[in-house]
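S.K.:
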Amino acid sequence: MIQCGPKVVRRAAELLAAGELVALPTETVYGLGADATNADAVAKIYAAKGRPSNNPLIVHIADIPSAEKICQNFPAKAYALVERFWPGPLTLVLPRRLQGDGVVCERAVAGGKTVAVRCPGHPMALDIIRAVGRPIAAPSANRSGHTSPTSPAHVASEFDGIVELIVDGGECLVGLESTVLDLSGSTPAILRPGAITGEMLAPILELDPLQLSVNEMSRASHLAGEALKSPGLLWRHYAPKTRAFRYEASQVPAIRTWLPEKANVAIAQLAMLHSSVLPRTRERFNMPTEPMLYAREFYRTLRLADECGCDCLFIELPAAQTGLWAAILDRLGRATEPWSPEAKL
Ligand code: TXA
Ligand code: MG
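Quick note: the sequence shown uses numbering that gives the first Met the number 0, first residue 0, plus one each step.
(1) So what does DSSP say about valine 264, is it helix, strand or coil?
(2) Assign valine 276 to one of two classes, buried (16 or more other C-beta atoms within 10 Å of its C-beta) or exposed (fewer than that).
(3) Is it true that the CB of alanine 326 sits closer than 8 Å to the CB of threonine 300?
(4) Compare the Cα-Cα distances from serine 177 to each of Ser339, Arg9, Pro5 and Gly30 and report the closest residue.
(5) For arginine 106, count neighbouring Cβ atoms within 10 angstroms of its own Cβ and tell me buried if that reaches 16, exposed if not.
(6) Please name the residue or residues paired with histidine 59 in a DSSP beta bridge.
(7) Comparing the CB of glycine 111 with every heavy atom of ligand 1, is any distance shorter than 7 Å?
(8) Taking 8 Å as the threshold (C-beta atoms), are leucine 182 and lysine 76 in contact?
(9) To which residues does DSSP link asparagine 285 through a beta bridge?
(10) Where DSSP assigns a beta bridge to phenylalanine 244, which residues make up the other side?
(11) Quick check: does the Cβ of aspartate 181 come within less than 7 Å of any heavy atom belonging to ligand 1?
(12) Which partner residues of alanine 188 appear in the DSSP bridge assignment?
(13) Report the rounded CA-to-CA distance for valine 251 versus serine 339, giving the unit in angstroms.
(14) Given a cut-off of 8 Å, decide if valine 116 and valine 41 are closer than it, judged by their beta-carbon atoms.
(15) Pull up the DSSP beta-bridge partners for alanine 155, would you.
(16) Let me confirm a value: leucine 344 is counted as buried when at least 16 other C-beta atoms fall within 10 Å, else exposed. Which label applies?
(17) Is glutamate 205 near ligand 2 - that is, is its Cβ less than 7 Å away from at least one heavy atom of it?
(18) Is the beta carbon of valine 264 sitting closer than 8 Å to the one on phenylalanine 313?
(19) Can you grab the Cα-Cα spacing for the pair arginine 191 / arginine 279, in whole Å?
(20) Three or more C-beta pairs under 8 Å: does that hold for the stretch 156–169 against the stretch 63–83?
(21) Where does the unbroken beta strand (DSSP E) through leucine 89 begin, and where does it stop?
(22) Beta carbon of isoleucine 165, beta carbon of isoleucine 60: below 8 Å?
(23) Proline 151 to alanine 11, Cα distance in whole Å?
(24) Mind reading off the beta-carbon distance from aspartate 62 to cysteine 118? Whole number of angstroms is fine, and I expect it under 8 Å.
(25) What is the DSSP secondary structure of aspartate 167, counted as helix, strand or coil?
Quick look at the structure:
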């Protein structure tokens with residue numbers, strides 16, 4: 000089921016053209032792909048993931064002309080952005096083209112008037128999309144709410160026997176989902192932070208990074224104006240199965256006192272800073288202090304923690320909040336609960 004090699008691109012394209020699901024590598028996370036113009040194929044994505052039908056999908060294309068075909072218009076600022084960042088981890092939300100050849104089906108966009116479009120920075124994904132010749136809808140290849148997959152083995156653990164083909168494109172280099180930038184409203188807004196950071200986008204949009212900012216309140220009010228058009232971005236998810244707490248290094252003595260007698264823990268600490276040790280640590284993950292490396296390891300660490308059979312996982316909060324750390328903190332915040340002395344195991 001997991002396949003690599005020269006024939007896999009053709010096989011993947013055949014399955015997609017026939018309305019089947021294929022798991023694809025991208026530079027961010029693995030995606031669960033289907034022909035975005037085929038409503039029955041797209042329905043299979045929602046069914047396989049257990050995804051609510053009101054949560055729209057990202058549509059993947061291999062070049063700018065293909066994006067133009069599915070969007071109503073492509074504003075000048077969108078060109079400026081994609082010329083700089085595509086192929087790569089940037090998704091643009093734009094008004095969608097409603098009619099015509101090759102437009103995206105209603106189901107893929109959850110009935111909305113916009114489409115989220117991205118050109119992935121993985122050569123195999125691009126080859127497959129070109130070979131199909133159609134836009135490919137692909138959410139992260141995990142069950143709804145679970146941790147996103149960054150390797151073919153992660154995908155297999157979620158969809159064994161359900162997805163016929165998982166294309167092996169190696170480990171994902173970015174490791175966090177793409178930045179979702181909404182250009183469909185009156186002002187651009189980052190709906191989901193990612194590796195293309197607010198600091199990178201702001202100069203091109205001639206805005207201050209803070210104006211693009213992504214705190215939960217502004218995101219909620221931004222989305223409320225559009226009948227919650229991006230509900231997936233508000234929910235708590237990415238969580239491991241293991242109870243996961245985030246903590247600050249200064250809380251370690253208090254956690255040590257709080258920790259129940261028999262509890263075994265896993266801990267994901269920032270490397271170099273681990274003078275602070277918890278008792279009964281079954282597994283210790285030394286997380287990189289460099290954000291690109293941290294991002295690449297984050298989801299894998301959540302999955303490893305699930306495998307080690309501990310009672311809870313503690314993840315140290317990085318102090319930095321800007322650049323890529325903003326995206327890391329966003330995912331960390333959704334995957335964990337804050338530790339407090341009142342927490343019950
Ligand atoms: O890196 C990525 O973006 C990966 C890879 C596979 O490309 N895909 C991904 O898809 O993360 P998914 O479905 O897990 O997350 C897409 C997010 C969802 O939270 C969804 O609500 C939002 O993008 N979204 C999709 N279409 C949208 C639209 N038209 N307007 C606003 N938000 C949208
Ligand atoms: Mg996802």
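Beta carbons: idealized from backbone N, C-alpha and C, even for Gly. Source: prediction; values computed, not measured.
M.R.: According to the data block:
(1) Under the three-state reduction of DSSP, valine 264 is assigned to strand.
(2) It is exposed - the Cβ of valine 276 has fewer than 16 other Cβ atoms within 10 Å.
(3) The beta carbons of threonine 300 and alanine 326 sit no closer together than 8 Å.
(4) Ranking the options by Cα distance to serine 177, first place goes to Gly30.
(5) Buried, because 16 or more other Cβ atoms sit within 10 Å of the Cβ of arginine 106.
(6) Paired residues: Arg117 and Ile135.
(7) Answer for glycine 111: yes, Cβ within range of ligand 1.
(8) Closer than 8 Å, so yes.
(9) In DSSP, asparagine 285 forms a bridge with Gln268.
(10) Phe313 and Glu336, per the DSSP bridge assignment.
(11) True, at least one ligand heavy atom lies under 7 Å from that Cβ.
(12) In the DSSP output, where bridge partners are listed per residue, alanine 188 has Asp181.
(13) Straight-line spacing of the CA atoms in valine 251 and serine 339 works out to 11 Å.
(14) Pairing valine 41 with valine 116 gives a Cβ-Cβ distance that is not under 8 Å.
(15) Bridge partners of alanine 155: none, in fact.
(16) Exposed, since its Cβ has fewer than 16 Cβ neighbours within 10 Å.
(17) Not so, every heavy atom of ligand 2 lies at least 7 Å from the Cβ.
(18) In contact: valine 264 and phenylalanine 313 (Cβ atoms closer than 8 Å).
(19) Approximately 36 Å between the Cα atoms of the pair.
(20) Judged by pairs of C-beta atoms under 8 Å, the stretch 156–169 does not touch the stretch 63–83, as fewer than three such pairs exist.
(21) Segment 89–94, the beta strand (DSSP E) holding leucine 89.
(22) The Cβ atoms of isoleucine 165 and isoleucine 60 lie no closer than 8 Å to each other.
(23) The C-alpha of proline 151 lies about 14 Å from the C-alpha of alanine 11.
(24) Yes, aspartate 62 and cysteine 118 are in contact; Cβ-Cβ is about 7 Å, under 8 Å.
(25) Reduced to three states, the DSSP call for aspartate 167 is coil.
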